[in-house]
Amino acid sequence: MPTAQILTIGDELLSGDTVNTNLAYLGERCRRLGFEVVRALSVRDRIPEIVAAVADVTVDLCLVSGGLGPTSDDLTAEAVALAAGVPLVRDAASEAAIAAVFAGFGRPMPDINRKQADLPAGCDVLPNPVGTAPGFAASCRAAATSPACRGCRAR
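Residues 5 to 159, numbered by the numbering used here, are exactly what the sequence shown covers, in order.
This is the structure we're talking about:
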């Protein structure tokens with residue numbers, strides 16, 4: 005049976021301000037898809053902690069939840085790019101999709117939301133039908149020589 009890890013990101017999860025419902029949801033979905041979840045980890049909104057958690061992945065699939073918003077503490081894309089050894093790049097299609105969400109509300113997109121279209125180079129973009137931030141699937145270059153970060157997914 006393939007194995008999975010769930011990495012949830014956010015100070016609010018560790019302080020008790022927010023119940024980590026994403027962990028339960030993702031764990032259940034993994035089981036339904038035939039993955040055995042062997043590890044779950046929550047880290048703070050700190051780039052070194054996110055990079056270390058991503059670099060420590062030794063499973064077939066790592067699902068990452070949190071940190072894709074527009075604020076200064078939303079650091080997942082940047083941290084995964086660092087762990088993968090690739091730059092962040094602005095994805096024009098994602099930027100247009102984010103702008104379309106705001107247009108649907110009759111509002112221009114705030115400049116702060118453009119950050120949500122900055123994704124690790126070479127990733128597969130996962131469109132978000134219910135919000136602004138797209139998800140992405142990325143693999144670390146280290147995967148060629150070690151199991152670290154094989155199939156890491158962030159959403």
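Note that the Cβ used here is the ideal one computed from N, Cα and C, for glycine as well.
Here the structure is a predicted model, which is why all the values come from computation and not from measurement.
* How about L130 and P124: are their beta carbons less than 8 Å apart? -> Taking the sequence shown and counting its residues from 1, one reaches residue 130 at position 126. Taking the sequence shown and counting its residues from 1, one reaches residue 124 at position 120. No, the pair does not count as a contact, with Cβ atoms beyond the cut-off.
* **Inter-residue Cα distance where the pair is D128 and D95** => The residue labelled residue 128 in the question sits at position 124 within the sequence shown. The residue labelled residue 95 in the question sits at position 91 within the sequence shown. So the alpha carbons of these two residues sit roughly 11 Å apart.
* Under a Cβ-count criterion, where at least 16 other Cβ atoms within 10 Å of its own Cβ denotes burial, should E82 be classed as buried or exposed? -> Taking the first residue of the sequence shown as 1, we reach residue 82 at position 78. Here E82 is buried. Its C-beta has 16 or more other C-beta atoms within 10 Å.
* Short check: CB of D78 to CB of G71, under 8 Å? -> The residue you call residue 78 lines up with position 74 of the sequence shown. The residue you call residue 71 lines up with position 67 of the sequence shown. In this structure, G71 lies closer than 8 Å to D78 by Cβ.
* Unbroken alpha helix (DSSP H) run spanning G31, endpoints -> As a first step, residue 31 is located in the sequence shown; it is residue number 27 there, counting from the start. T25 to R36 is the extent of the alpha helix (DSSP H) around G31.
* To do: Take every Cβ of the stretch 24-43, pair it with every Cβ of the stretch 58-72, and state whether three or more of those distances are shorter than 8 Å.
  => yes
* To do: Could you tell me if G135 is buried or exposed, where buried requires 16 or more neighbouring beta carbons within 10 angstroms of its beta carbon?
  => As a working note, residue 135 is residue 131 in the sequence shown. Classification of G135: exposed, given that the 10 Å Cβ count is below 16.
* Asked: Rounded C-beta distance between L65 and F39? I'm assuming under 8 Å.
  -> Translated into the one-based positions of the sequence shown, residue 65 becomes position 61. Translated into the one-based positions of the sequence shown, residue 39 becomes position 35. Right, the Cβ-Cβ distance comes to about 6 Å (below 8 Å), so this counts as a contact.
* Span of the beta strand (DSSP E) holding A8? -> Here the question's residue 8 lines up with position 4 in the sequence shown. First-last of the beta strand (DSSP E) with A8: T7 to I13.
* To do: Check the C-beta distance from D122 over to L86 and give it rounded, since I have them as a contact under 8 Å.
  => Against the sequence shown, residue 122 aligns to sequence position 118. Against the sequence shown, residue 86 aligns to sequence position 82. At roughly 13 Å, the Cβ-Cβ gap does not stay under 8 Å, so D122 and L86 are not in contact.
* To do: Please look up how many angstroms separate the CB atoms of D15 and R36, rounded, as I've assumed it's under 8 Å.
  => For this step, residue 15 is matched to residue 11 along the sequence shown. For this step, residue 36 is matched to residue 32 along the sequence shown. That belief does not hold up - the Cβ atoms of D15 and R36 are roughly 30 Å apart, past 8 Å.
* **Backbone secondary structure at F106 - three-state DSSP** => By one-based count along the sequence shown, residue 106 stands at place 102. Per DSSP, reduced to three states, the secondary structure at F106 is helical.
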